[in-house]
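Reviewing the structure listed below.
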Amino acid sequence: MIESQLIPRGIKDEKVLEVFRKVPRHEFVPENMRRVAYDDSALPIGSGQTISQPYMVAVMTELLKLKGKENVLEVGTGSGYQAAILAELCRKAYSIERVPELSENAKNILARLGYKNIEFVYGDGSEGYPAGSPYDAIIVTAGCPDIPKPLTDQLAEGGRLILPVGERYFQTLTAATKEKGKLKIEKSIGCVFVPLIGKYGWQV
Ligand code: SAM
16 MIESQLIPRG IKDEKVLEVF RKVPRHEFVP ENMRRVAYDD SALPIGSGQT
66 ISQPYMVAVM TELLKLKGKE NVLEVGTGSG YQAAILAELC RKAYSIERVP
116 ELSENAKNIL ARLGYKNIEF VYGDGSEGYP AGSPYDAIIV TAGCPDIPKP
166 LTDQLAEGGR LILPVGERYF QTLTAATKEK GKLKIEKSIG CVFVPLIGKY
216 GWQV
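So that you can map any letter, position 95 of the sequence shown is 110 in my numbering, and since no number is skipped, the others follow by simple counting.
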């Protein structure tokens with residue numbers, strides 16, 4: 016996966032590549048998917064949701080530019096794989112999910128793997144999670160019609176927000192940095208994520 020998918024497509028950050036070597040992706044997919052866990056694609060994880068393609072997880076992680084001391088929020092826990100990657104690269108991670116079974120399942124996997132710096136939250140992540148804010152970095156792993164305002168509000172000065180923004184079935188990966196209270200926006204690659212369903216996302 017690393018040699019054939021991530022490095023050839025331009026993932027360069029050694030710390031990010033190292034974490035992909037370490038975190039066992041097969042632990043985050045259903046039993047009958049383990050054989051294809053490292054394939055170059057998103058995979059179903061139940062409840063109509065997916066674990067994202069490895070390359071997409073890597074691009075988004077690299078865009079966050081984590082140094083190790085950050086307080087991070089992930090919106091869209093899904094399988095918990097991205098949460099594990101984040102937990103390896105920051106001080107404390109919060110991960111919020113709107114499907115309770117997925118949140119519970121991810122929490123169990125991460126506990127079994129020994130992660131102690133992740134807090135799992137069940138709820139509408141389009142509203143962020145004020146209790147853990149301000150965040151040095153926020154990552155949204157579901158497609159947003161626009162940048163949810165609460166996430167901007169909960170981002171620390173100098174913080175990075177990475178999220179797919181666009182249409183329901185096609186988005187552009189977007190990186191925003193908060194500078195003097197305003198967002199500086201950079202557009203990255205095209206992508207396809209399941210929709211962010213919630214007050215500041217899509218209405219089901
Ligand atoms: N990061 C995940 C992983 O590593 O497996 C992949 C996430 S999957 C592509 C998107 C997830 O976002 C789904 O689990 C979905 O239920 C969740 N989601 C959608 N809308 C949400 C919302 N408003 N708040 C929290 N989670 C949401």
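Glycine included, every Cβ here is placed at the ideal spot set by N, Cα and C.
Would the region 110-120 count as touching the region 170-189 if we require 3 or more Cβ pairs under 8 Å? no
Tell me the residue span of the alpha helix (DSSP H) that contains V72. 69-79
Which residue's Cα is closest to the Cα of L198: V219, R183, L166? L166
When the Cα atoms are used, what is the spatial distance from A121 to A98? 9 Å
Does the ligand SAM have even one heavy atom less than 7 Å from the beta-carbon of T76? no
Label D182 either buried or exposed according to how many other C-beta atoms from any shown protein chain fall within 10 Å of its C-beta, with 16 as the threshold for buried. Looking at the sequence shown, residue 182 is not Asp but Glu. Exposed is the call here.
Taking contact to mean 3 or more Cβ pairs, one atom from each stretch, closer than 8 Å, check whether the region 76-92 and the region 134-142 are in contact. yes
Excluding the five sequence neighbours on either side, which residues of its own chain have a C-beta within less than 7 Å of the C-beta of R24, listed in chain order? Y70
So what does DSSP say about E100, is it helix, strand or coil? The sequence given here places Ile at residue 100; Glu does not occur at that position. In this structure, I100 counts as helix in the three-state DSSP scheme.
T156: beta carbon under 7 Å from a heavy atom of the ligand SAM? yes
Work out the CA separation of D28 and I17 for me, nearest whole Å. 12 Å
Beta carbon of I133, beta carbon of V34: below 8 Å? no
DSSP has V34 in a bridge; who is on the other side? According to DSSP, V34 bridges with nothing at all.
With DSSP collapsed to three states, give me the class of I223. Because the chain here runs from 16 to 219, residue 223 falls outside it and cannot be looked at.
I'd like to confirm the pairing. Which residues does DSSP put opposite Y137 in its beta bridges? E112
Which residue comes first and which comes last in the alpha helix (DSSP H) that contains P165? 164-169
Taking Cβ positions, are L125 and G95 nearer each other than 8 Å? yes
Are the beta-carbon atoms belonging to R40 and Y53 less than 8 Å from one another? yes
The ligand SAM and S67: does any heavy atom of the ligand fall closer than 7 Å to the residue's C-beta? yes
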